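A.B. asks:
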Amino acid sequence: MAAPVYLLWFVAKEDEENDDGLLIGVYQSESSAKAAIERLRTKPGFADYPEGFQIHTRDLDCDSWSEGFFKTDV
C-alpha cells in the first residue's frame, strides 16, 4: 500500500460552485497540514474565510479518476 500524503486546499465560500480552489501544499502528515493552516489563517484573503481550509488525503503512486469522467453543463 502506498504512503498517504495530505493535500491542503483553500476554497472561499463563494468559489465552492466554481471549483476554484487553491492548492496550498502537500504534506507528509496531517499535523503538518494543520500547522500550515495555523500559519496562514490570519493572512490577507484567508482571514476572510476561516472555514475555507480543507485537508484531503491521497495515496502516492495511485491513480485517481481511473474510470474516466463525464463533463456536465450546469
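If you read the sequence shown in the numbering used here, its first letter stands for residue -15, the second for the next number, and so on. No residue lacks a Cβ here, since even glycine has one placed at the ideal position from N, Cα and C. From a predicted model like this one, the values you see are computed outputs, not experimental measurements.
Excluding the 5 residues flanking ARG38 on each side, which residues of the same chain have their C-beta closer than 7 Å to its C-beta?
C.D. replies: Sequence check: residue 38 is Gln here, not Arg. TRP(-7) and VAL(-5), listed in sequence order.
A.B. asks: For LYS18, which of PRO28, HIS40, LYS(-3) and TYR33 has the nearest alpha-carbon?
C.D. replies: It is HIS40.
A.B. asks: Quick check: what's the CA-CA separation for GLY70 versus SER50?
C.D. replies: Any question about residue 70 goes unanswered here, given that the chain covers just -15 to 58.
A.B. asks: Once the 5 residues before and after ARG25 are set aside, which same chain residues still bring their CB inside 7 Å of it?
C.D. replies: ALA31 and PRO34, listed in sequence order.
A.B. asks: By the 10 Å Cβ neighbour count, where 16 or more other Cβ atoms means buried, how is GLY29 classified, buried or exposed?
C.D. replies: Exposed.
A.B. asks: Under 8 Å, do ARG42 and PRO(-12) count as touching if we go by C-beta distance?
C.D. replies: Contact flag set, yes.
A.B. asks: Check each candidate in LEU6, LYS(-3), LEU(-9) and LYS27 and name the one with the smallest Cα separation from SER13.
C.D. replies: Measuring from the Cα of SER13, the nearest candidate turns out to be LEU(-9).
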